[in-house]
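Residue 1 is where the sequence shown starts when you use the working numbering, and the numbers rise one by one after that.
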Amino acid sequence: MAKRILFTLTTLLLICGLNPAFGQQMQPTMLIDTPTAGTLDRGSYDVGLRLYANGGVLGDISVGLSSRLMFGISFGGENIIGEGDIHWNPNPGIHLRYRMIDETIALPAFTVGFNSQGYGAYLKSAKRYTVKSRGFFLVASKNYAFLGDLSFHGGVNYSLEKGDGDTDLNFFTGLMKSLNPDLWFIA
């Protein structure tokens, strides 16, 4: 038993220790809950896990199909952590995004996408999650070299979850500022 634990720990340390040697600079695809114009490079992947109230867990995985196109799936539920019966989400979520225009000195990058995954408790009466999915979205991102890195992101989305009577377009913004190579301010 002790040999198995030692072998497992040694293997994990080697994998974690070698990981930076194979690492690459990735574009951010999300700022907290806000999409950016970033996409994953071809053949790369991103795994995410969100925890929320009532023991809720939402897992997702995204894959770069090309340098401009990425696809992902997500699934989760409530009471996964803790006691009680698990209440699975009614459907898995999907997301897809395509970068239409790459960033240039004069223009921001533009990406269109779709994300069907909301999070929080699923409200059957309204046919939506506590926090709605983005639905269809268009986002622009522009980066600057100003005392480190500075990036601005903004977009518009239209959620398909309309059971609450809200059929308006939503607008969102975000920014990232590097304070040093290891510390970023995100808003």
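Here a beta-carbon is modelled for each residue, glycine too, at the ideal position from N, C-alpha and C. These numbers come from a predicted model, not from an experiment.
Checklist line | For residue 160, the three-state DSSP class (helix, strand or coil) | finding: Looking up residue 160 in the sequence shown gives position 160. Of the three classes helix, strand and coil, the one that applies to residue 160 here is coil, per DSSP.
Margin query: Need the endpoints of the beta strand (DSSP E) that residue 143 sits in, please.
Written below: Residue 143 sits at position 143 when you count from the first residue of the sequence shown. Segment 135 to 145, the beta strand (DSSP E) holding residue 143.
Margin query: Restricting to Cα atoms, I'd like to know which of 30, 159 and 111 is closest to residue 60.
Written below: Within the sequence shown, the letter at position 60 stands for residue 60. Nearest option by C-alpha distance: 30.
Next item on the list: Could you tell me whether the Cβ atoms of residue 213 and residue 114 are closer together than 8 Å?
Entry: The chain is shown from 1 up to 187; residue 213 falls before or after that span and cannot be answered.
Item checked: Selection from 148, 125, 103 and 57 that minimises the alpha carbon distance to residue 180 -> The residue you call residue 180 lines up with position 180 of the sequence shown. Of the candidates 148, 125, 103 and 57, the one whose C-alpha sits nearest the C-alpha of residue 180 is 148.
Next item on the list: Return the first residue and the last residue of the beta strand (DSSP E) that residue 99 is part of.
Entry: Indexing the sequence shown from 1 puts residue 99 at position 99. Run containing residue 99: 93 to 101, per the beta strand (DSSP E) assignment.
Check: Would you call residue 188 buried or exposed, if buried means 16 or more other Cβ atoms sit within 10 Å of its Cβ?
Finding: Nothing about residue 188 can be read from this structure; the chain reaches only from 1 to 187.
Notebook entry, point to check: Pick from 173, 106 and 163: whose alpha carbon is nearest that of residue 156?
Noted result: Along the sequence shown, one-based indexing puts residue 156 at 156. Per the Cα distances, 173.
Note to self: Given this structure, state the Cα-to-Cα distance separating residue 71 from residue 89, to the nearest angstrom.
What the structure shows: For the purposes of this step, residue 71 is taken as residue 71 along the sequence shown, with counting starting at 1. For the purposes of this step, residue 89 is taken as residue 89 along the sequence shown, with counting starting at 1. Approximately 20 Å between the Cα atoms of the pair.
Checklist line | Where residue 78 falls, given that 16 or more other Cβ within 10 Å makes a residue buried | finding: Working through the sequence shown from its first residue, we reach residue 78 at position 78. Classification of residue 78: buried, given that the 10 Å Cβ count is 16 or more.
Check: Secondary structure at residue 54, three-state DSSP: helix, strand or coil?
Finding: For this step, residue 54 is matched to residue 54 along the sequence shown. Here residue 54 sits in coil by DSSP.
Item checked: Residue nearest to residue 34 in terms of C-alpha spacing, selected from 184, 46 and 170 -> Position 34 of the sequence shown, counted from the first residue, corresponds to residue 34. Relative to the Cα of residue 34, the nearest Cα in the group 184, 46 and 170 belongs to 170.
Notebook entry, point to check: Between 168, 98, 162 and 43, which lies nearest to residue 128 when the distance is taken from Cα to Cα?
Noted result: Along the sequence shown, one-based indexing puts residue 128 at 128. Ranking 168, 98, 162 and 43 by Cα distance to residue 128 puts 162 first.
Check: Which residue or residues does DSSP assign as beta-bridge partners of residue 73?
Finding: Taking the sequence shown and counting its residues from 1, one reaches residue 73 at position 73. As DSSP reads the structure, residue 73 sits in a beta bridge with 61 and 94.
Note to self: So if DSSP puts residue 177 in a beta bridge, which residue, or which two residues, is it bridged to?
What the structure shows: Within the sequence shown, residue 177 is the residue found at index 177, counting from 1. Residue 177 pairs with 150 and 185.
Check: In chain order, what residues of the same chain have a beta carbon less than 6 Å from the beta carbon of residue 102, not counting five sequence neighbours either side?
Finding: For the purposes of this step, residue 102 is taken as residue 102 along the sequence shown, with counting starting at 1. Excluding positions up to five away in sequence, the list reads 109.
Margin query: Let's test the definition: count the other Cβ atoms within 10 Å of the Cβ of residue 82 and tell me whether it reaches 16, buried, or not, exposed.
Written below: Here residue 82 refers to the residue found at position 82 when the sequence shown is read from its first residue. Its Cβ having fewer than 16 others within 10 Å, residue 82 is exposed.
Check: Under the DSSP definition of a beta bridge, which residues are partnered with residue 46?
Finding: What you label residue 46 is simply residue 46 of the sequence shown in a count that begins at 1. Answer by DSSP bridge pairing, in chain order: 62.
Note to self: Using only the alpha-carbon positions, how far apart do residue 131 and residue 100 sit?
What the structure shows: Taking the sequence shown and counting its residues from 1, one reaches residue 131 at position 131. Taking the sequence shown and counting its residues from 1, one reaches residue 100 at position 100. Spanning the two alpha carbons is a distance of roughly 27 Å.
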